[in-house]
Amino acid sequence: MIRDTAGQDVILQPKFKSRYGIYGAIALILVALIALLVQRWQLAAATDMTVPRASVQIATVSTGDVQRDLSVQGKVVAANSPTLYSTAQGIVTYKVKAGDRVNSGQLLAQLDSPQTTSQLKQQQATLAQLQGELEQHRIKAKRDLLEKQQAQDLAQVDLNAANRELQRNADARQDKVISDRDYQRSKDELARAEVVFKQSQASLTLARQSIRYEEETLAQQIKAQQLLVAEWQRQADNLQVLSPVDGMVGSLAEAQKAAVPGLSAITDCCGSIRL
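Using my numbering, the first residue of the sequence shown is number 1, and each one after it goes up by one.
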């Protein structure tokens, strides 16, 4: 026979006593905490202690700026600090030194830019040339119109003379003083005078239109050239660096008579200017 393991098994009883001991310890701790809290509350709520009103200072609390101490060596300037730049490539000549007091509009530095100066002179010369051409055109136009008008006036005189000659020949033909051949010749002279007069009128009209068109074209060229001169003049004027504010020169970015590229910082101001 095969026996089971009942002879080897041992029945264990639960340890109720140790579990009850843990629960009891937790309960004691809670009671002690409650008693401590009650005692503290009684001390806080006690009104037996009083203090004089004069010894109590009462004030309204408001939000303010936080003040902090700043320890530095130097000078603090609370102001804008504009930086000035060169407008063209050239040689910078400073008219002030770092730390100088300056006024708004005062000359701080002068830029010597041969390229800008040369371009301005070239554009000015071109403008003067165009203005000269316009004046010459007007003088020539007056002379041409005078010649065209003179030709028309002479054609008018010839036409009137041809009309009178034809009228005389017509009367002479009726009286049989001249031949029919002479009469027809006078008619041809009148026709030729009429053609010359009409051509002189048309030539004068075309000359006036041509002169007006050429003058308008030159005027437009002069206007465009004036804009170029104004732009180069503006760039030349910007070679003089002026102070935008009243203040003090902060620092000089370049050495005296230094070659600077275009759009490079040359000074800065505090309150102020940095050159």
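Built from N, CA and C at the ideal position, the CB exists for glycine as well.
Nothing here was measured: the structure is a model prediction, and the numbers come from that model.
{"Check": "With 16 as the cutoff for other CB atoms within 10 Å, does T116 come out buried or exposed?", "Outcome": "buried"}
{"Check": "Pick out whichever of Q150, Q221 and D100 has its Cα sitting closest to the Cα of S251.", "Outcome": "D100"}
{"Check": "Can you pull the DSSP bridge partners for L107?", "Outcome": "L242"}
{"Check": "Among all the DSSP beta bridges, which residues are the ones paired with Y94?", "Outcome": "A109"}
{"Check": "Could you tell me which residues DSSP pairs with A54 in its beta bridges?", "Outcome": "BP columns for A54 are empty, so no partner."}
{"Check": "With which residues is G247 paired in a DSSP beta bridge?", "Outcome": "V102"}
{"Check": "Which of the three DSSP states, helix, strand or coil, is assigned to V260?", "Outcome": "strand"}
{"Check": "Since I believe S186 is in contact with L166 (beta carbons under 8 Å), could you give me their beta-carbon distance rounded to a whole number of angstroms?", "Outcome": "5 Å"}
{"Check": "Out of curiosity, what's the CA-to-CA distance linking T83 and G64?", "Outcome": "35 Å"}
{"Check": "Assign T217 to buried or exposed, taking buried as 16 or more other Cβ atoms, counted over all protein chains shown, within 10 Å of its Cβ.", "Outcome": "exposed"}
{"Check": "Within 10 Å of its beta-carbon, does Y94 have 16 or more other beta-carbons around it, so buried, or fewer, so exposed?", "Outcome": "buried"}
{"Check": "Around the Cβ of A109, are there at least 16 other Cβ atoms within 10 angstroms (buried) or fewer (exposed)?", "Outcome": "buried"}
{"Check": "Should S118 and G90 be called a contact, given that it needs their Cβ atoms to be closer than 9 Å?", "Outcome": "no"}
{"Check": "Assuming contact is defined by CB atoms lying nearer than 9 Å, are A191 and A161 in contact in what I supplied?", "Outcome": "no"}
{"Check": "Return helix, strand or coil for D65, following the three-state DSSP convention.", "Outcome": "coil"}
{"Check": "Check this for me: beta carbons of Q256 and T87, under 9 Å apart or not?", "Outcome": "no"}
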